[in-house]
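What follows is a single structure, written as structure tokens, with notes after it.
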Amino acid sequence: SDRRLLIESCIKFYAKELNIENHNFNLIVEPINLREIRSADGAVSELIKKKKKYSARKKKLILMQLESKLKIEQLIEVIAHEMVHVKQTVRGQLASKGVSLFWRGKKVLCSKINYYDRPWEMEAWSKQKLLSNKIFRLLDKQYEKHVMKNTKGKKK
Numbered sequence: 392s393d394r395r396l397l398i399e400s401c402i403k404f405y406a407k408e409l410n411i412e413n414h415n416f417n418l419i420v421e422p423i424n425l426r427e428i429r430s431a432d433g434a435v436s437e438l439i440k441k442k443k444k445y446s447a448r449k450k451k452l453i454l455m456q457l458e459s460k461l462k463i464e465q466l467i468e469v470i471a472h473e474m475v476h477v478k479q480t481v482r483g484q485l486a487s488k489g490v491s492l493f494w495r496g497k498k499v500l501c502s503k504i505n506y507y508d509r510p511w512e513m514e515a516w517s518k519q520k521l522l523s524n525k526i527f528r529l530l531d532k533q534y535e536k537h538v539m540k541n542t543k544g545k546k547k
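See below:
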């Protein structure tokens, strides 16, 4: 569908912008009704490697969950935000071991830090707008080309 194509295109674009397109990971994207489960529009987590076959490849397996009812503009921004978390996970900046969370190698107690003060969230929120604005500019250019192409030669 068009929505799936948009999601895939955004992910590829953001991976390139975040310089992780050649890193060794697989990304699974799951559109679900996330707001009912977690009161969130997106979530990223590394899946545990259980199969020997999988472990031999040494690829990180990452799950990105996206709220399925987001409008297109919101979806583009949420994917940007979550791709920053994918970057953090792929590069080992953000990691979890059991119930413990680590930021740049140091254990973090999330219950002691406000959501917006968490360093990985601060980075994701700051880069979200920069990344999504690049996509919006590309879409605007495509729209302008489309309009110009379809209005050429038409009488007023």
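Just so it is clear: in the sequence shown, position 3 is 394 by our numbering, and no numbers are missing. Heads up, the beta-carbon is just placed ideally off N, CA and C, and yes, glycines get one too.
Cβ neighbours of residue i in the same chain (closer than 8 Å, five flanking residues each side left out)
i      : result
ASN417 : LYS450, LYS451, LEU452 and ILE453
ALA447 : Legend: pLDDT at ALA447 = 49, less than 50; position of this residue unreliable, value from coordinates given subsequently. Closer than 8 Å at the Cβ level, and outside the excluded window around ALA447, lies no residue.
GLU408 : LEU522 and LYS525
TRP516 : HIS472 and TYR507
Residue i, buried or exposed, once every other Cβ within 10 Å from all chains shown has been counted against 16
i      : result
LEU529 : exposed
SER523 : buried
VAL481 : buried
ILE428 : exposed
GLU468 : buried
VAL538 : exposed
ILE439 : exposed
VAL332 : The displayed coordinates of the chain run from 392 to 547. Any statement about residue 332 would go beyond what the structure contains.
ILE419 : exposed
LEU457 : buried
LEU396 : exposed
LEU500 : exposed
GLN533 : exposed
DSSP beta-bridge partners of residue i
i      : result
SER523 : Note: SER523 sits in no beta bridge, so no partner.
ALA434 : GLN456
ILE419 : LEU454
Sequence-distant residues of its chain with Cβ nearer than 6 Å to residue i (five each side left out)
i      : result
LYS518 : VAL475
SER436 : LEU454
VAL486 : Looking at the sequence shown, residue 486 is not Val but Ala. Within the same chain, ALA486 has close Cβ partners PHE493.
GLU491 : One point to set straight first is that residue 491 is Ser, not Glu, in the sequence displayed. Result list for SER491: LYS498, in chain order.
Proximal residues to residue i (C-beta, below 7 Å), its chain only, five neighbours per side dropped
i      : result
GLU399 : none
GLU512 : TYR506
HIS414 : VAL481
Cβ-heavy atom distance, residue i to the ligand GDP, below 6 Å
i      : result
LYS497 : As presented, the structure is devoid of all ligands, the ligand GDP included, so that no description of it is given.
Q: Would you check if there are 3 or more beta carbon pairs closer than 8 Å linking the stretch 452-471 to the stretch 483-501?
A: Because the criterion of three Cβ pairs below 8 Å is not met, the stretch 452-471 and the stretch 483-501 do not touch.
Q. Where in the stretch 440-498 do unbroken runs of the beta strand (DSSP E), each at least 3 residues long, occur, reported from the N-terminal end onward?
A. Taken in chain order, the complete beta strand (DSSP E) segments of 3 residues or longer contained in the stretch 440-498 are 451-458, 485-488 and 491-494.
Q. Is the stretch 420-438 touching the stretch 503-512, taking contact as three or more C-beta pairs under 8 Å?
A. Counting Cβ pairs under 8 Å, fewer than three are found: no touch.
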